[in-house]
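To keep things clear, I will list the structure first and then write my remarks on it.
Written out as structure tokens, the structure reads:
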């Protein structure tokens, strides 16, 4: 396998942790190369130019070289304005980062999802209504990785969703009209499915149902290990 060199790739840091005495392991999400693992050698030294640059939510231009699962970061510089996230907004940002870490494969580029993420961060910074933003991102993320939700028609009949009807949503199938209270699946009204499909989540009851639906669907693909970032919302 030949060594690969990448120059000035648009990216965000999803996660970073100390590595050995003075280095940092970085998981980054790049527009053209997907999720990548990088070693930032010496980044924890006081004199390192990388020390204050490799922060989450900051638009970056990253350069690296190497082969295999971990490449060596060779340069990093800021690109654009850093969104100011604090409190619940910061927790929301970490939640999005953890979803990307858990659900994206390495070296599998998704430029449209990258653009969605890039646009979401400034929106989180300026709105107190972060829940609708999170639901739309979750929906788009699942669609990107091949697990898009069925929101516009009944899974069994193919009929258009009735906004007044109650459905049971099955993650591997989609919505089916409810025939009994003890039926499995996630209970959800048709108006919620339609609103999520249109990305119009202003109604509090609809938003509550959409959150329950998305949490149950995401659990199927995230597995049994809980998301650490959810503890920040408590």
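Numbering (the working numbering), first residue to last: 45 to 278. Beta carbons: idealized from backbone N, C-alpha and C, even for Gly. All figures in this text were calculated on a predicted structure; none of them were measured in a lab.
Whole-Å CB distance - residue 67 paired with residue 84, under 8 Å assumed: For the purposes of this step, residue 67 is taken as the residue at position 23 of the chain shown. For the purposes of this step, residue 84 is taken as the residue at position 40 of the chain shown. Between residue 84 and residue 67 the Cβ distance is about 6 Å, and since that is below 8 Å, they are a contact.
Close beta carbons around residue 213, own chain, < 7 Å, minus the five adjacent residues each side: The residue you call residue 213 lines up with position 169 of the chain shown. The answer, listed in chain order, is 219, 229, 230, 232, 257.
Beta bridge counterpart(s) of residue 116 as assigned by DSSP: One-based indexing of the chain shown puts residue 116 at position 72. In DSSP, residue 116 forms a bridge with 83, 109.
Straight-line Cα distance separating residue 105 from residue 45: The residue labelled residue 45 in the question sits at position 1 within the chain shown. The residue labelled residue 105 in the question sits at position 61 within the chain shown. Model confidence at residue 45 stands at a pLDDT of 46, short of 50, so the residue's coordinates are unreliable and nothing is read from them.
Three-state secondary structure (DSSP) of residue 45: Your numbering for residue 45 matches position 1 in the chain shown. Low local confidence applies: a pLDDT of 46 at residue 45 is under 50, so the model's placement there is unreliable, with the coordinate-based value given in what follows. Reduced to three states, the DSSP call for residue 45 is coil.
Beta strand (DSSP E) segment containing residue 71, residue limits: Locating residue 71 in the chain shown gives position 27, where the first residue counts as 1. Looking at the DSSP string, the run of the beta strand (DSSP E) that includes residue 71 is 67-74.
Environment of residue 74 [buried if 16+ CB atoms lie within 10 Å]: By 1-based counting over the chain shown, the position of residue 74 is 30. When all chains shown are included, residue 74 counts as buried.
Beta-carbon gap between residue 114 and residue 57 smaller than 8 Å: Within the chain shown, the letter at position 70 stands for residue 114. Within the chain shown, the letter at position 13 stands for residue 57. No.
Identity of the residues DSSP links to residue 53 by a beta bridge: Locating residue 53 in the chain shown gives position 9, where the first residue counts as 1. In the DSSP output, where bridge partners are listed per residue, residue 53 has 106.
Classification of residue 264 by the beta-carbon crowding that lies within 10 angstroms, buried from 16 upward: Along the chain shown, one-based indexing puts residue 264 at 220. Exposed, since its Cβ has fewer than 16 Cβ neighbours within 10 Å.
Residue 169, enclosing alpha helix (DSSP H) - first and last residue: Along the chain shown, read from residue 1 onward, the residue named residue 169 stands at position 125. Its alpha helix (DSSP H) spans residues 155-170.
Cα-Cα separation between residue 237 and residue 150, rounded to whole angstroms: Taking the first residue of the chain shown as 1, we reach residue 237 at position 193. Taking the first residue of the chain shown as 1, we reach residue 150 at position 106. So the two alpha carbons sit approximately 31 Å from each other.
Element boundaries [alpha helix (DSSP H), containing residue 252]: Along the chain shown, one-based indexing puts residue 252 at 208. Here the alpha helix (DSSP H) through residue 252 covers 248-266.
From 194, 206, 181, 202, residue whose alpha carbon lies closest to that of residue 245: Position 201 of the chain shown, counted from the start, is the residue given in the question as residue 245. The shortest C-alpha separation from residue 245 is found at 181.
Close-in-space but distant-in-sequence residues of the same chain around residue 216 (CB under 8 Å, 5 per side omitted): Taking the first residue of the chain shown as position 1, residue 216 is located at position 172. Hits under 8 Å: 264.
Collapsed DSSP secondary structure at residue 89 in the structure displayed: Reading the chain shown from its first residue, position 45 is the one you call residue 89. Of the three classes helix, strand and coil, the one that applies to residue 89 here is coil, per DSSP.
Residue span of the beta strand (DSSP E) that contains residue 239, given as start and end: Working through the chain shown from its first residue, we reach residue 239 at position 195. Here residue 239 belongs to no beta strand (DSSP E); instead the alpha helix (DSSP H) covers 234-242.
Proximal residues to residue 272 (C-beta, below 8 Å), its chain only, five neighbours per side dropped: If you number the chain shown from 1, residue 272 lands on position 228. So the list reads 142, once near-sequence residues are dropped.
Contact under 8 Å by Cβ, residue 162 with residue 100: Within the chain shown, the letter at position 118 stands for residue 162. Within the chain shown, the letter at position 56 stands for residue 100. No, the Cβ-Cβ distance between residue 162 and residue 100 is not below 8 Å.
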